[in-house]
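Undergrad:
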Amino acid sequence: MSERKPQKGDLSDERWALIEPVIAGWKAGHRSAGGHEGPYTMLKIVNAIL
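When you read off a place in the sequence shown, starting at 1, and then add 2, the result is the number in my numbering.
(1) If we ignore side chains and look at the alpha-carbon of each, how far apart do arginine 17 and threonine 43 end up?
(2) Where do the ends of the alpha helix (DSSP H) carrying leucine 20 lie?
(3) Name the two residues that bound the continuous alpha helix (DSSP H) containing alanine 50.
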């Protein structure tokens, strides 16, 4: 898998620090059925949505 180039709309580290605790809390209550973490970080998923 090739590394994704940063995009103009990506979250800054400061903005990610604000929302990461909320996403981490949600993720803690919604574990995957297989128990694995998955290939993508939550930051990459949020940036893809934006």
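Cβ atoms here follow ideal geometry from the backbone N, Cα and C, with glycine treated the same way.
TA: Checking against the coordinates, here is how it stands:
(1) Between arginine 17 and threonine 43, the alpha-carbon positions lie close to 16 angstroms from each other.
(2) For leucine 20, the enclosing alpha helix (DSSP H) starts and ends at 15-30.
(3) Per DSSP, the unbroken alpha helix (DSSP H) holding alanine 50 starts and ends at 44-51.
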